[in-house]
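Scroll down for the structure; my scribbles are underneath it.
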Amino acid sequence: MTIPRILKLDAGGLPVEWVDWREAVSLYFTDKIAWEAGSEKIRLRGGRSRDTGIRSFLEIDSIIAVRDRSHRFARNLVPALTRRELFHRDGGLCLYCGTRLSFSQMQIEHIMPRSKGGEHAWTNVVSTCEGCNRFKDDRTPEQAGMSLLALPYEPNLAEWLILANRRILADQQAFLERLAPKRKARFDA
Ligand SMILES: [Zn+2]
């Protein structure tokens, strides 16, 4: 069984990052947990007591607020533009022709070409298939007569955390969605 990742919040209750269960356990043992905010408990098997032979269990919460020096959630923070999160933002589709892509097939396309001053930024990149990328080449969509199936957006940290965890638990998803802007078209790859 793969143990789900734990959503770590800062002491103000805003999301910071995903941590794996080992890190979560050490936060419990070092008394860093300020409070728990999940509706799911993850039960971990501990060691066997030498005296009784009974195995111990530790329950960790799916969402933990931590008293430490974590950077607080910044509402204007732009999450890193990463290939995997871009792939999920665009639903695993070529945003020009709609072909479903595998992760390795996906290419990153600059809508305004970099040679024309286009930025390498969330709002100027989309995932594409090789054919569309090659056809569009160093042109703007208008010049190439191509149109986008959806407008590329810049995720906030909450959305980025959703994109970054493909095995997200329902309560974690609900928690993050409350902090994500409403969007007309959101793919779910
Ligand atoms: Zn395509």
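Going by our numbering, 174 is the number at position 115 of the sequence shown; the sequence numbering is gapless. Where a beta carbon is used, it is the ideal one built from N, C-alpha and C, also for glycine.
Could you round the C-beta distance between residue i and residue j to whole angstroms and report it? I think they count as a contact, below 8 Å.
| i | j | result |
| --- | --- | --- |
| Thr172 | Asp197 | Residue identity check: residue 172 is Pro in the sequence provided, not Thr. The Cβ separation is near 5 Å, so the contact holds. |
| Ala233 | Ala217 | Wrong, their Cβ atoms sit about 11 Å apart, outside the cutoff. |
| Ile62 | Val78 | That pair is no contact at about 11 Å. |
Taking DSSP as the reference, what is the three-state secondary structure of residue i?
| i | result |
| --- | --- |
| Ile113 | coil |
| Gln202 | helix |
| Glu308 | The structure shown does not extend to residue 308, since the chain spans only 60 to 248, so no value can be given for it. |
| Ile62 | coil |
| Lys195 | helix |
| Phe163 | Checking the sequence, you will find Ser at residue 163 rather than Phe. The answer is coil: DSSP assigns Ser163 none of H, G, I, E or B. |
| Ile221 | helix |
| Gly190 | helix |
Hey, how far is the Cα of residue i from the Cα of residue j?
| i | j | result |
| --- | --- | --- |
| Phe88 | Glu118 | 12 Å |
| Gly177 | Glu168 | 11 Å |
| Arg193 | Ala203 | 11 Å |
| His147 | Arg128 | 30 Å |
| Arg109 | Ala124 | 33 Å |
| Arg159 | Thr187 | 9 Å |
| Tyr212 | Thr182 | 5 Å |
| Arg142 | Val185 | 10 Å |
Check your reading: residues with Cβ closer than 6 Å to ligand 1 heavy atoms:
Cys153, Tyr155, Cys156, Thr158, Thr187, Cys188, Gly190, Cys191
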